[in-house]
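Right, one structure below, let's go through it.
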Amino acid sequence: MKEMKHIVDTTLRDGEQSPGIVLRTEDKVKIAKFLDELGVYEIEAGVPCLGAIEEESICKIKENTKQAKISVWSRMRPEDIKKSLVCQPDIIHIGTPVSYIQIYSKLKKNKVWVQKQILECVAIAKSNNVDITVGLEDASRSDIGFVLSLIKELSREGVNTIRLADTVGILTPNRTKEIVETIKENSDVKIEMHVHNDLGMAVANSIIGAKAGADFIDITLFGIGERTGNCNFYDFIKASDSIFEFAMTKKQIREVEKQVYEELRGAM
Amino acid sequence: MIQIIDNTLTTFDYCLPTKEELQVFCELLFDIGVDIIELSVDAYERMEQIINGKKFALHVEFLEMADLFPGFYRYICHSEEPKDNVINEIQINDAREIVRLKSLQKCSEVRIVGLDDLICKSYDKTMAEIKQSVPKSKINFCPENAYGCASALAVQWVMMGGCYVTTSFAGCKNNAATEEVIMALRLALRHKPNRDLSMLPRLVQLFEKITNTTIGNKKPVIGKNIFKVESGIHADGIQKNPANYEAYDPKSVGGIAEIVIGKHSGMKAIQYKLQELKIPLPNEAVMEKMVAFVKETCTEKKSSLKDEEFRQLVHEVIANERNETYR
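Chains as they are written, first to last, in the working numbering: chain C, 1 to 268; chain F, 269 to 595.
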């Protein structure tokens, strides 16, 4: 029997960050309804701190979907978590830079600050009874020792799913396998693979991650997203449905692509 | 030593490139780090001559044809018969067919084409089995791309000590993309054979002209839009240090990082764009109005703003501000 893997769609968040498109509330709701019917496990619906229009979109998506969990993306800031709570999502995903380059050069902070800040954000969300996933941003360029110690702290605070983000898309198959296996060997957290296609390896690395034990795979319709995009939904299912069980078929994904092509073509 | 054969020039037979175009295309391929260029007989006849001092392989239908075209570094032929300077090619579609390699044990060089779903199998075990099946042969791996995993497989083969792969530019022959493999090896193995990847835009232009096709905007390494960023968090991160969100310097592949103003642009992205366009920065209150107006305008028109559109929007916001001040 094939192992079941869950799909997390981030077309409406990472996909929409692609220059060239803007999705209105009605577009987002339309796409989310198709994804929901398709059997996507989680729809990352947007970023509440972007403003009122985004908030409204997320709330409407929540109203118009039946099965999929609706998640929102939040920076690792207490004020952003509070804005996310307004949308009453099923999951708040907190993006947490973990590579030294991002911690020291982008945030201009240090590891201790990151750990303290993420735990504070987790506590705020937990006290409001919202599920949390934590995104280990730029995990592919991080120090695995720091990642493991952070995961340990997060697990202690009740976080049971982490997103392994290959933010700049530099993973190779072996490195993907090594990171996922190391985390699985050292913790009980569930892993969500989030890879970018900068070296044309997003599909391959997602498959390797899933084979190594990741339960959730992040994808976007048509593979849209920052720079070269994310893991392409159709391509991923086509390449791996011989070894994994999914809630949808590649034919059904093609049908959805036809329905939403106009809304998303600016990002291709 | 890592060696890459590029077989793009076996796919141009249906096009009508000139001799000069083919020669420039070859020069550019060598510039970006290709070691051996594989030609079809048609492409060779159109080129008339190959570049002196460079390695070319000729793809022939029958082994006997090799004698008709002397002077090549290698001849590539779908054959089991061993012959000097020949790379014997075999199509293997499934890992279970690896046993067929035994028929090529006497060949000095073997090319394996296919195995497109290997990533879903025990690829490391299969790659080791391949090496054991033809222990005395130099093995060239040319994974096919039916499942979008060819570049990953080619890189994996090299990382496991295979060192010899066949690719094509932009993956046009349904195999690994030359530029993706070269860049991945550069990043993962620091393999830098002193080549110049800034030639890639010229190669793209020539490829598009010869094939009358267009490379996708988001195509890894060579797509026209891959260094454009809109999201506020990314734009800010790139300005602080490009390495925050770029795996490699866009200039190294002849590209340029560009901030696009759109729905996701925040205060910092807009500040950067104003500076880039040499527009004086307004005060914070006006900046906030500008951010809101950008979001509203982009949502309304359902796209990002071109620089000229942004410039116009800035003038509108500033003009409105002045009107309110002097009212």
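From the three backbone atoms N, C-alpha and C, an ideal C-beta is built for every residue, glycine too. None of these values were measured; they are calculated from a predicted model.
A direct Cα-Cα distance of roughly 19 Å separates C/His93 from C/Ser206. When DSSP assignments are scanned along the stretch 71-145 of chain C, the uninterrupted stretches of beta strand (DSSP E) that are 3 or more residues long and fall wholly within it turn out to be 91-97 and 131-137. In this structure, DSSP gives F/Ile524 a state outside helix and strand, which the three-state scheme calls coil. Pairing C/Met193 with C/Leu164 gives a Cβ-Cβ distance under 8 Å.
Take the alpha-carbon of F/Ile501 and the one of F/Gly534: they are about 8 Å apart. For F/Lys406, same chain residues with a beta-carbon under 8 Å away, outside a window of 5 residues either side, are Ser376, Glu377, Val378 and Tyr432 in chain order.
As summarised for the stretch 153-186 of chain C, the continuous beta strand (DSSP E) elements at least 3 residues long and confined to that stretch are 161-166, given in chain order.
At a cut-off of 4 residues, the continuous stretches assigned as alpha helix (DSSP H) that sit fully inside the stretch 21-78 of chain C are 25-38 and 52-64. The residue among C/Asp235, C/Ile191, C/Ile53 and C/Gly39 with its C-alpha nearest the C-alpha of C/Ala68 is C/Gly39. Secondary structure note for C/Val260: its alpha helix (DSSP H) is the uninterrupted segment Lys250 to Leu264. Two segments are said to touch when three or more pairs of C-beta atoms, one from each, lie closer than 8 Å; by this definition the stretch 16-28 of chain C does not touch the stretch 236-255 of chain C. Using a Cβ-Cβ cut-off of 8 Å, F/His502 is close to Gln17 and Glu226 of chain C, given in chain order. Minimum Cα-Cα distance from C/Lys2 among the listed residues C/Val130, C/Ser240, C/Ile101 and C/Gly266 corresponds to C/Ser240. For C/Asp235, the uninterrupted alpha helix (DSSP H) segment begins and ends at Phe233 to Ser240. Under the 8 Å Cβ criterion, the stretch 165-180 of chain C does not count as touching the stretch 115-132 of chain C, having fewer than three qualifying pairs.
Inside the stretch 447-498 of chain F, DSSP marks whole alpha helix (DSSP H) runs of 4 or more residues at positions 468-479, from first to last along the chain. Under the 10 Å beta carbon count, F/Val521 is surrounded by 16 or more other beta carbons and is classified as buried. Residues of chain C with a Cβ closer than 8 Å to the Cβ of F/Thr567 are, in chain order, Val22, Arg24 and Ile53. Residue-level contact by beta carbon holds for C/Ile207 and chain F, with a gap shorter than 8 Å. At the C-beta level, F/Lys477 and F/Asn485 stay beyond 8 Å of one another. Setting aside the 5 residues that flank it on each side, C/Ile103 is surrounded in the same chain by Pro97, Lys109, Asn110, Lys111 and Val114, each with a C-beta closer than 7 Å to its C-beta; the list follows chain order.
In this structure C/Gly95 is in contact with C/Arg75, their Cβ atoms being roughly 6 Å apart against a cut-off of 8 Å. Below the 7 Å Cβ cutoff, chain C contributes Thr172 and Asn174 as neighbours of F/Met427, in chain order.
Rounded to the nearest whole angstrom, the CA to CA distance from F/Asn356 to F/Cys294 is 23 Å. A straight line joining the alpha-carbon of C/Ile224 with that of F/Ile494 spans about 11 Å.
When Cβ-Cβ separations below 8 Å define contact, F/Val521 makes no contact with chain C.
Rounded to the nearest whole angstrom, the CA to CA distance from F/Gly523 to F/Pro469 is 8 Å.
In the three-state reduction of the DSSP assignment, F/Ile538 falls in the helix class, which pools H, G and I. Contact note: F/Gln424 reaches chain C through Thr172, Pro173, Asn174 and Ala204, using a C-beta cutoff of 9 Å and chain order. Minimum Cα-Cα distance from F/Ile490 among the listed residues F/Pro510, F/Ile506 and F/Tyr516 corresponds to F/Tyr516. Counting C-beta pairs closer than 8 Å gives fewer than three between the stretch 17-33 of chain C and the stretch 536-546 of chain F, which falls short of the contact rule.
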